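What follows is a set of notes on a single structure, which appears directly below.
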Amino acid sequence: MTTRAETVRRAERHELTYGGRRRRFLLLRPEPGPRDRPAPLVVDLHPSGLGPAAQLRGSGLGELAARGYAVAAPQGALPYQGGWAWSLPGVPLAGEERIRDEAAGVDDVAFLAALLDTLDGMLPLDPARRHLSGFSGGARLASHAAVAFGDRLASVACVGGVRRPGGPGDTAPPLLAVHGLRDATNPYRGAAGPRWDEPVPDAVGRWAGAAGCAAEPVRAESAPGVTEFRHRDAAGREPVRLVAVASLGHAWPGTPDPLLGGHADGSGSDAYDASAAVRGFFDEFGGVRAA
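For the sequence shown, the positions run 427 to 717 when the working numbering is used.
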């Protein structure tokens with residue numbers, strides 16, 4: 427069985443120039459099936475302080491390449507705590523009081539749009555099956571991109587960082603949000619100053635409203651300490667979902683990776699497998715199609 431680290435080592439290293447900067451990204455091409463068949467795409471976004479390889483090792487979403495997905499993992503442009511960070515509209519980085527001057531010249535939402543265009547030119551992709559995922563700052567960037575990209579995304583998965591920057595009339599693709607009740611970086615109940623003021627359930631509720639879903643979610647305890655809130659649409663689907671994990675801090679739950687998994691500082695939890703949940707969500711809302 428191929429390990430996550432081996433999968434990441436197989437990834438192609440690429441660069442594109444955008445906004446006068448050389449931007450790097452990793453790419454895993456879809457493995458099975460004809461190479462001319464349009465494939466679904468996942469773009470996986472790292473948290474502040476890490477990079478694309480660490481994100482793929484932690485999320486395990488590179489494994490989707492073995493199931494026919496193309497998987498890309500770009501790198502942020504802002505140096506931060508030994509790794510990289512994204513420039514988020516109107517938001518300072520965690521632990522910083524003000525927005526950096528250098529961030530003013532970096533539009534990472536537009537960079538992601540350019541990355542999608544670049545990937546379209548590199549391999550056959552199905553434009554109706556593009557997905558975004560991310561952890562922490564990467565999840566927050568995915569939230570902004572979901573509003574800006576219109577109908578370019580089939581779904582979005584946000585772990586430890588969902589926001590809803592748009593209004594009621596803005597785009598709201600299917601969403602899976604996973605968040606820890608013990609998260610001290612991006613608190614579940616909000617109240618962390620202007621950088622993170624809105625409670626997570628409120629952000630997801632506004633997302634559901636924009637998606638045309640019921641305001642009141644269906645609540646279920648899917649496992650001990652794991653509560654799922656699912657907002658149904660008129661067709662009876664549940665395209666907007668929040669999973670609250672009681673034992674989880676600011677980490678990607680269920681991963682064996684020590685960096686994203688929070689094993690060193692005790693913020694992690696094995697009560698919920700976010701990697702499996704995200705893969706299943708992407709399959710449900712635009713995955714690999716039968717031949």
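For every residue, glycine included, the Cβ atom is placed at its ideal position computed from N, Cα and C. Computed from a predicted structure; not experimentally measured.
| Query | Result |
| --- | --- |
| Tell me whether residue 706 sits in a helix, a strand or coil according to DSSP, three-state version. | helix |
| Among 668, 605, 449, 479, which one has its Cα closest to the Cα of residue 642? | 668 |
| Which residues in the same chain as residue 491 place their Cβ atom closer than 8 angstroms to its Cβ, once the five residues preceding and following it in sequence are excluded? | 433, 454, 455, 456, 457, 497 |
| I'd like the list of long-range same chain contacts for residue 567, defined as Cβ closer than 8 angstroms, with 5 residues on each side in sequence excluded. | 471, 512, 514, 534, 535, 538, 560 |
| Spatial neighbours of residue 725 within its chain, please: C-beta separation below 7 angstroms, excluding the five flanking residues on both sides. | Not covered by the structure: residue 725. The range shown for the chain is 427 to 717. |
| Could you give the distance in angstroms between the alpha-carbon of residue 711 and the alpha-carbon of residue 645? | 21 angstroms |
| In chain order, what are the residue ranges of uninterrupted alpha helix (DSSP H) at least 4 long that sit wholly in the segment 467-512? | 478-485 |
| Which residues in the same chain as residue 582 place their Cβ atom closer than 6 angstroms to its Cβ, once the five residues preceding and following it in sequence are excluded? | 558, 568, 572, 599, 601 |
| Using only the alpha-carbon positions, how far apart do residue 445 and residue 649 sit? | 46 angstroms |
| The beta strand (DSSP E) that contains residue 454, what's its start and end? | 447-454 |
| Throw me the rounded Cβ distance for the residue 660 and residue 638 pair, which I believe falls under 8 angstroms. | 7 angstroms |
| Any idea if residue 628 is buried or exposed, counting beta-carbon neighbours within 10 angstroms, 16 or more meaning buried? | exposed |
| On the three-state DSSP scale, how would you describe residue 537? | helix |
| Taking residue 683 as part of the alpha helix (DSSP H), name the residues at either end of that continuous run. | Per DSSP, residue 683 belongs to no alpha helix (DSSP H) and is neither H nor E. |
| For residue 433, report the span of its alpha helix (DSSP H) as first-last. | 430-435 |
| If we call anything under 7 angstroms between Cβ atoms a contact, is residue 556 one with residue 541? | no |
| Whole-angstrom Cβ separation of residue 488 and residue 430, contact assumed at under 8 angstroms? | 7 angstroms |
| Going by other Cβ atoms of all chains shown within 10 Å of its Cβ, with 16 needed for buried, is residue 594 buried or exposed? | exposed |
| Please go through the same chain and pick out, in chain order, the residues whose beta-carbon is closer than 6 angstroms to the beta-carbon of residue 615, but skip the five residues on each side of it. | 625 |
| When we look at the beta-carbon of residue 507 and count the other beta-carbons within 10 Å, is it buried (16 or more) or exposed? | exposed |
| Is it right to say residue 702 is buried, meaning 16 or more other beta carbons lie within 10 angstroms of its own, or is it exposed? | exposed |
| Counting C-beta neighbours from all protein chains within 10 Å, is the total for residue 543 16 or more, i.e. buried, or is it exposed? | exposed |
| Whose C-alpha, out of 527, 517, 503, is nearest the C-alpha of residue 587? | 517 |
| If distances are taken between C-alpha atoms only, which option among 427, 447, 452, 662 comes closest to residue 438? | 452 |
| With 16 other CB atoms within 10 Å as the buried threshold, where does residue 611 fall? | buried |
| Between the alpha carbons of residue 647 and residue 678, how many angstroms are there, rounded? | 19 angstroms |
| How about residue 585 and residue 700: do their beta carbons lie closer than 7 angstroms? | yes |
| Using CA atoms only, rank isn't needed, just tell me which of 688, 530, 467 is closest to residue 554. | 467 |
| Go through its chain and collect everything with a Cβ distance to residue 441's Cβ below 6 angstroms, but skip five positions before and after it. | 448, 450 |
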